[in-house]
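Asks: In the working numbering, each number is its position in the sequence shown, counted from 1, plus 22.
Note that the Cβ used here is the ideal one computed from N, Cα and C, for glycine as well.
Provided herewith is a single structure, encoded as structure tokens, for subsequent inquiry.
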Amino acid sequence: MFRRPLLVAALTAFLAAPALSTWSIVVVNRATGEVAIACATCVEGINLATAVPVIRVGRGAAAAQSYLDDTQRNRRAIYAGLEGGLDPLVILQNLSQSDPGHQTRQYGIVDLQGRAVTFTGTQAGAFADGLTGVDGDLIYAIQGNVITGMPVLVAAEQALRATPGDLAAKLMAAMQAARAMGGDGRCSCPTTVPTGCGAPPPSFTHSSYVAHIIIARIGDQVRPCGALGCAMGQYFAKLEANWGLPTDPDAVVRLQGLYDTWRQSLIGRTDQVRSVAFAERAVLPADRFSRTRVRLRLNDWQGTPVTNAAASFTVRHAAGSAGIGQPSAVTRIGNGEWAFDVQATERAGLDLYEIVVQDGGRPVQLHPPAELRFEAVPALQADRASISASRGEGVLLRLDGGLARAQREYVMLLGLSGTAPGTLVAPGVAVPLNFDDATAVGIELLNTPFFVSAWGRLQSDGRALAALQPLPGTFADILGYELSFAWVTLQPIDFASNAVSVRIAP
């Protein structure tokens, strides 16, 4: 049953909402994790950042324009959708079902999963349209309403794609390109005919009165929608040419001035995108002894090494890290390089180290985090896969029972009949060897010059070495066979190692 009073109230609300005609560029960089929006309008004397943008750090960004939703309901729904990982198309579909004024709206929504959507309602002011695209790691949606024409959007797209440099440089160039095509048509043409002067108009002084660029990077403040909008966190860049009037310079021109000053202030400061953190050894055995150094190369946005000797660091495990290694203090190497050490434990897994740099400006979290994988160490390893019978080559066997088995008694066994299905030697303990005559011979020769340290105790670190040292010709009758080894703990027999096999070659 329809509730007419509620429907009338909803329709009245959106019909009374102000029309914020504008153009916007919503873009993310999947490689860097940046999410951004640039926007401009010929509506004078306002703070555009409270009205249009939606920023969810690490998820995506959006623009909600044309007739505004004063209740913020739509922008809050977009924010929640981005936060929850919804496809932008699904977010848009949800808006179409919940908002009776849907056809008066215009949206651009992009997320870091590489999905983008633009929507222009049938009641958005002409000229109104939008486009989406992909350029390498960039995913974007560009839209505008009451602009001079499609060239505004096309020029912005071309500049976004063609301009070298980082996302900030591309966004600023795209805004300038849109401005050159006339931008918001009401600044240069009669309000009733914003497309009447062409794109670009033959002569104009303003493309907009108000504009902004907002870029959020990984590690920036995650702040939900509030009284001042849905893009009110502390972000990498928040350049706002707000409150502009027709008597002020063009908003994009003012925005360019803010951009240039901001860029100048970041020279010599650590840049998240241009700096790198990496482990010298990306993979360590989980053997409790191996170590590696994680190097930090700090550069500013121009790629120049940051040489501030007073820089300080916070290193912690990032979300999703296995939390295995304990980083040492960060030490300075020189010429923009710092480092810290990590030592392996017995645990296997992937560590992710989140590194925050404080060099006198705002804290900078390096992205992506440094990765270090710890691989499980087999309880038994052989130093070679084959031995020569004619040369009497031997094999070194490395035992590692871990600290839990330190000082335990062990015995090394061998066989020539394969490793499966194995032999049960105690309840729940199967040795991965099929016992045979070679097994019996090996037991008889334990701790002889032929089978060195094959019976003994693990050291205090849980490790030991054994060796098979045959004389030349000893294995002449079993060429082509595989000799397999495994060890078990004694008193009690409660552990059996993996098997290793060595081929007998001529």
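Near Pro454, which residues of its chain fall below 6 Å by C-beta distance, leaving aside the five closest residues on each side in sequence?
Replies: Position 432 of the sequence shown, counted from the first residue, corresponds to residue 454. Answer for Pro454: Thr441, Gly444, Ala508 and Ala521, listed in chain order.
Asks: Write down the C-beta distance between Ala5 and Ala195 rounded to the nearest angstrom, noting that I regard them as a contact closer than 8 Å.
Replies: No statement about residue 5 is possible, as the shown extent of the chain runs from 23 to 528 and does not include it.
Asks: If you run the structure through DSSP and keep just helix, strand and coil, what is Arg341?
Replies: For the purposes of this step, residue 341 is taken as residue 319 along the sequence shown, with counting starting at 1. With the sequence shown as reference, residue 341 is identified as Ala, and Arg is not the correct amino acid for it. Reduced to three states, the DSSP call for Ala341 is coil.
Asks: Kindly indicate the opening and closing residues of the beta strand (DSSP E) around Thr314.
Replies: Translated into the one-based positions of the sequence shown, residue 314 becomes position 292. First-last of the beta strand (DSSP E) with Thr314: Arg313 to Arg319.
Asks: In whole angstroms, give me the CA-to-CA distance for Met434 and Gln491.
Replies: Numbered from 1 along the sequence shown, position 412 holds the residue referred to as residue 434. Numbered from 1 along the sequence shown, position 469 holds the residue referred to as residue 491. Taking the straight line from one Cα to the other gives about 14 Å.
Asks: From the DSSP secondary-structure annotation, give me the bridge partner or partners of Arg539.
Replies: Coverage of the chain is limited to positions 23 through 528, which leaves residue 539 absent and any answer about it impossible.
Asks: Is it right to say Ser482 is buried, meaning 16 or more other beta carbons lie within 10 angstroms of its own, or is it exposed?
Replies: In the sequence shown, residue 482 corresponds to position 460, counting from 1. That one is exposed.
Asks: Just mark Gly55 as buried or exposed, buried being the case when its beta carbon has 16 or more other beta carbons within 10 Å.
Replies: As a first step, residue 55 must be located in the sequence shown, where it is residue number 33. Classification for Gly55: buried.
Asks: Using the beta-carbon count (16 or more within 10 Å), is Phe473 buried or exposed?
Replies: Working through the sequence shown from its first residue, we reach residue 473 at position 451. So Phe473 ends up on the buried side.
Asks: Only counting the same chain, and skipping five residues up and downstream in sequence, which positions put a Cβ closer than 6 Å to that of Val139?
Replies: As a first step, residue 139 is located in the sequence shown; it is residue number 117 there, counting from the start. For Val139, where only same-chain residues beyond five positions count, the Cβ hits under 6 Å are Pro110, Leu111, Leu114 and Ile131.
Asks: Report the rounded CA-to-CA distance for Phe311 versus Asp373, giving the unit in angstroms.
Replies: Residue mapping note: residue 311 aligns to position 289 of the sequence shown, counting from 1. Residue mapping note: residue 373 aligns to position 351 of the sequence shown, counting from 1. If I take the Cα positions, the gap works out to 17 Å.
Asks: I'd like to know if the region 59 to 70 and the region 141 to 150 are in contact, where contact means that at least 3 CB-CB pairs between them fall below 8 Å.
Replies: Flag = no, the region 59 to 70 and the region 141 to 150 do not touch.
Asks: Taking all protein chains shown into account, decide if Ile500 is buried (16 or more other Cβ within 10 angstroms of its Cβ) or exposed.
Replies: Within the sequence shown, residue 500 is the residue found at index 478, counting from 1. Counting Cβ neighbours within 10 Å, Ile500 comes out exposed, since fewer than 16 surround it.
Asks: By a C-beta neighbour count over all protein chains shown, 10 Å radius and 16 as the cutoff for buried, is Pro391 buried or exposed?
Replies: Taking the first residue of the sequence shown as position 1, residue 391 is located at position 369. The residue in question, Pro391, is buried, as its Cβ has 16 or more Cβ neighbours within 10 Å.
Asks: Kindly indicate which three-state DSSP category Ser523 falls into: helix, strand or coil?
Replies: The count along the sequence shown starts at 1 and reaches residue 523 at position 501. Three-state result, Ser523: strand.
Asks: Where does the unbroken beta strand (DSSP E) through Glu397 begin, and where does it stop?
Replies: Within the sequence shown, numbered from 1, the residue matching residue 397 stands at position 375. Counting along the chain, the beta strand (DSSP E) containing Glu397 begins and ends at Ala392 to Glu397.
Asks: Which first and last residues belong to the alpha helix (DSSP H) in which Val176 is found?
Replies: In the sequence shown, counting from the first residue as 1, residue 176 sits at position 154. Val176 -> alpha helix (DSSP H) spans Met172 to Ala184.
Asks: Can you tell me whether DSSP reads Gly155 as helix, strand or coil?
Replies: For this step, residue 155 is matched to residue 133 along the sequence shown. Looking at Gly155 - three-state DSSP - the assignment turns out to be strand.
Asks: Nearest by alpha-carbon distance to Leu288: which of Leu320, Val298 and Ala263 is it?
Replies: Taking the first residue of the sequence shown as position 1, residue 288 is located at position 266. The shortest C-alpha separation from Leu288 is found at Leu320.
Asks: For Thr18, collect the residues of the same chain with a Cβ closer than 8 Å to its Cβ; drop the 5 residues on either side in sequence, then sort them by chain order.
Replies: With the chain covering 23 to 528 only, the question about residue 18 has no answer from this structure.
Asks: Given this structure, state the Cα-to-Cα distance separating Ala85 from His124, to the nearest angstrom.
Replies: Counting from one through the sequence shown, the residue named residue 85 turns up at place 63. Counting from one through the sequence shown, the residue named residue 124 turns up at place 102. If I take the Cα positions, the gap works out to 14 Å.
Asks: Could you check the C-alpha separation between Ala146 and Arg127 for me, to the nearest Å?
Replies: In the sequence shown, residue 146 corresponds to position 124, counting from 1. In the sequence shown, residue 127 corresponds to position 105, counting from 1. Distance between the alpha carbons of Ala146 and Arg127: 6 Å.
Asks: At which residue ranges does the region 53 to 135 contain complete alpha helix (DSSP H) runs of 4 or more residues, listed in the order of the chain?
Replies: Qualifying alpha helix (DSSP H) stretches, in chain order: 95 to 105 and 110 to 120.
Asks: Look up Ile240 in the DSSP assignment and give the residues it is bridged to.
Replies: Numbered from its first residue, the sequence shown carries residue 240 at position 218. BP columns for Ile240 are empty, so no partner.
Asks: How would you call Tyr281, buried or exposed, if buried means at least 16 neighbouring beta carbons within 10 angstroms?
Replies: Your numbering for residue 281 matches position 259 in the sequence shown. By the 10 Å Cβ count, Tyr281 comes out buried.
Asks: Flag this pair as touching only if the region 313 to 333 and the region 401 to 409 have three or more C-beta atom pairs under 8 Å; answer yes or no.
Replies: With the cut-off at 8 Å, the region 313 to 333 and the region 401 to 409 do not touch.
Asks: Alpha helix (DSSP H) containing Val463: first to last residue?
Replies: The residue labelled residue 463 in the question sits at position 441 within the sequence shown. It spans Asp459 to Glu466 - the alpha helix (DSSP H) in which Val463 sits, taken as one unbroken run.
Asks: What's the C-alpha gap between Cys247 and Gly266?
Replies: For the purposes of this step, residue 247 is taken as the residue at position 225 of the sequence shown. For the purposes of this step, residue 266 is taken as the residue at position 244 of the sequence shown. The straight-line gap from Cα to Cα measures roughly 24 Å.
Asks: Put Ser225 into one of helix, strand or coil per three-state DSSP.
Replies: What you label residue 225 is simply residue 203 of the sequence shown in a count that begins at 1. Residue state, collapsed to three classes: coil.
Asks: So, is Met23 buried or exposed, given that buried needs 16 or more other C-beta atoms within 10 angstroms?
Replies: Within the sequence shown, numbered from 1, the residue matching residue 23 stands at position 1. Because the pLDDT of Met23 is 33, which lies under 50, any placement of that residue in the model is unreliable, and the question is left without a value.
Asks: Leaving out five residues before and five after Asn469 in sequence, what residues of the same chain have Cβ atoms less than 8 Å from its Cβ?
Replies: By 1-based counting over the sequence shown, the position of residue 469 is 447. For Asn469, where only same-chain residues beyond five positions count, the Cβ hits under 8 Å are Ser475, Ala476, Trp477 and Gly478.
Asks: Could you check if Arg78 is buried or exposed, using at least 16 other CB atoms within 10 Å of its CB as the buried criterion?
Replies: Looking up residue 78 in the sequence shown gives position 56. Result: buried.
Asks: Quick check on this structure: which residue in Gly450, Gly279, Gly371 and Asp242 has the alpha carbon closest to the alpha carbon of Ile346?
Replies: By 1-based counting over the sequence shown, the position of residue 346 is 324. Cα-wise, what sits closest to Ile346 is Gly371.
Asks: Mark Val215 as exposed unless 16 or more other C-beta atoms lie within 10 angstroms of its C-beta, in which case mark it buried.
Replies: Along the sequence shown, one-based indexing puts residue 215 at 193. By the neighbour-count rule (16 or more Cβ atoms within 10 Å), Val215 is not buried but exposed.
Asks: Is Gln365 closer than 8 Å to Arg420 when the C-beta atoms are compared?
Replies: Position 398 of the sequence shown, counting from 1, holds the residue named residue 420. Position 343 of the sequence shown, counting from 1, holds the residue named residue 365. No, they are not a contact pair.
Asks: With three or more beta-carbon pairs closer than 8 Å as the criterion, would you say the region 346 to 362 touches the region 251 to 267?
Replies: These segments do not touch.
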